[in-house]
Amino acid sequence: MTVTGAPAAGDNIPVRAGRGRRKASPEATDERRRIILAAALDVFSRHGFAAARLDDVAAQAGVAKGTLYLYFPNKQTLFQELIRSYLSPLFDKLAQETPPDVPPQAFIARFFEMFRTQVLGTERQRILHLLISEGSRFPEIAEFYHREVVSRGIELVQGVLRRAAQEGVPSAATLAQFPQLLVAPMIVAVIWDSLFGRIHPLDVDGMLKAHVRLLTSSEEPKP
């Protein structure tokens with residue numbers, strides 16, 4: 008998802024109709040909303056959720072603080088909209104592109120490819136890092152992310168793997184029971200990059216491919 012930069016100097020597109028003022032078009036409203044979200048992501052990334060101020064978001068977006076409140080009434084709503092706008096569409100797209108009879112190995116490979124190309128090195132990775140570092144301090148945000156993203160991803164993954172388990176595919180039943188095993192290397196990649204990326208870069212592509220082989224080629228453990 009490409010997010011545009013700050014508005015040009017002198018941008019005075021109104022967001023409310025008033026006497027002698029032209030009501031903003033839907034395109035202008037959407038553009039200003041995208042600008043605010045991009046500014047919020049930058050401010051949250053630099054300061055963390057707790058220390059971030061809406062004054063700073065408004066200043067970076069080039070809008071009055073009152074204008075920002077017209078779009079987002081508080082900081083939590085603003086952060087939740089970052090999650091909804093940047094991350095939720097990924098699972099909509101993955102679900103639409105997943106046929107009912109997809110082989111589990113093909114699905115897992117596609118799942119990892121989406122993460123590698125659409126999350127790593129993008130604005131979405133910055134949001135995940137914020138969630139990992141501050142989610143425990145702000146449970147409402149963690150709960151929102153779980154509801155909007157995690158639970159939907161688990162439902163999609165378990166649907167594929169349960170069908171595969173019924174067909175006797177090795178490891179499918181275990182993965183359906185513990186889908187966290189599937190996403191574990193993604194979390195490792197985000198944490199590793201934020202802590203050690205500059206001194207010890209991780210071959211994420213190689214790690215994900217190795218993880219696919221480990222998950223799909225091993226036999227189920229015997230009781």
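Each residue of the sequence shown is one higher than the one before, starting from 8 at the first, in this note's numbering.
Ideal placement from N, C-alpha and C gives every residue a C-beta, glycine not left out.
Keep in mind that this is a model prediction, so the values were computed, not measured.
Query raised in the report: How big is the Cα-Cα spacing for L44 and E174?
Result: Sequence index remark: in the sequence shown, residue 44 carries index 37 (1-based). Sequence index remark: in the sequence shown, residue 174 carries index 167 (1-based). CA-CA distance, L44 to E174, rounds to 45 Å.
**Report entry** Sequence-distant residues of its chain with Cβ nearer than 8 Å to S143 (five each side left out)
**Finding:** Taking the first residue of the sequence shown as 1, we reach residue 143 at position 136. If we look at S143 and ignore the five residues flanking it on each side, its Cβ neighbours are A149.
Requested in this report: If I'm right that Y93 touches I134 with Cβ under 8 Å, what's the distance once you round it to whole angstroms?
Outcome: The residue given as residue 93 occupies position 86 in the sequence shown. The residue given as residue 134 occupies position 127 in the sequence shown. Confirmed, Cβ separation roughly 6 Å.
Query raised in the report: Among L189, F114, K82, which has the Cα closest to the Cα of E147?
Result: As a first step, residue 147 must be located in the sequence shown, where it is residue number 140. Of the residues L189, F114, K82, the one whose Cα lies closest to the Cα of E147 is K82.
Query raised in the report: Are I115 and V156 closer than 8 Å when you measure CB to CB?
Result: Within the sequence shown, the letter at position 108 stands for residue 115. Within the sequence shown, the letter at position 149 stands for residue 156. No, the pair does not count as a contact, with Cβ atoms beyond the cut-off.
**Report entry** Integer-rounded CB distance, given that P192 should sit under 8 Å from V164
**Finding:** Reading the sequence shown from its first residue, position 157 is the one you call residue 164. Reading the sequence shown from its first residue, position 185 is the one you call residue 192. With 8 Å as the limit, V164 and P192 do not qualify as a contact, their Cβ atoms being about 14 Å apart.
Query raised in the report: Going by the CB atoms, is the gap between F51 and L138 shorter than 8 Å?
Result: By one-based count along the sequence shown, residue 138 stands at place 131. By one-based count along the sequence shown, residue 51 stands at place 44. Going by C-beta atoms, L138 is not nearer than 8 Å to F51.
Query - Cβ distance (whole Å) where A217 is taken to contact L127 below 8 Å - result: As a position in the sequence shown, residue 217 is number 210, starting the count at 1. As a position in the sequence shown, residue 127 is number 120, starting the count at 1. At roughly 16 Å, the Cβ-Cβ gap does not stay under 8 Å, so A217 and L127 are not in contact.
Report task. Identify whether T74 lies in helix, strand or coil by the three-state DSSP scheme. Result -> The residue labelled residue 74 in the question sits at position 67 within the sequence shown. Under the three-state reduction of DSSP output, T74 falls in the helix class.
Query - Other residues of its chain near R159: CB distance less than 7 Å, five sequence neighbours each side excluded - result: Translated into positions along the sequence shown, residue 159 becomes position 152. Here the set comprises F98.
Query - Under the three-state DSSP convention, the category T223 falls into - result: As a position in the sequence shown, residue 223 is number 216, starting the count at 1. The answer is helix: DSSP assigns T223 an H, G or I state.
Query raised in the report: Among P208, K30, A171, which residue has its Cα nearest to the Cα of P107?
Result: Position 100 of the sequence shown, counted from the first residue, corresponds to residue 107. Out of P208, K30, A171, A171 has the C-alpha closest to the C-alpha of P107.
Query raised in the report: What did DSSP end up calling F79 once you bin it into helix, strand or coil?
Result: In the sequence shown, residue 79 corresponds to position 72, counting from 1. Here F79 carries a coil assignment [DSSP, helix/strand/coil].
Query raised in the report: Where does H1 fall in DSSP's three states?
Result: In the structure as shown, the chain begins at 8 and stops at 230. Residue 1 is therefore absent and cannot be evaluated.
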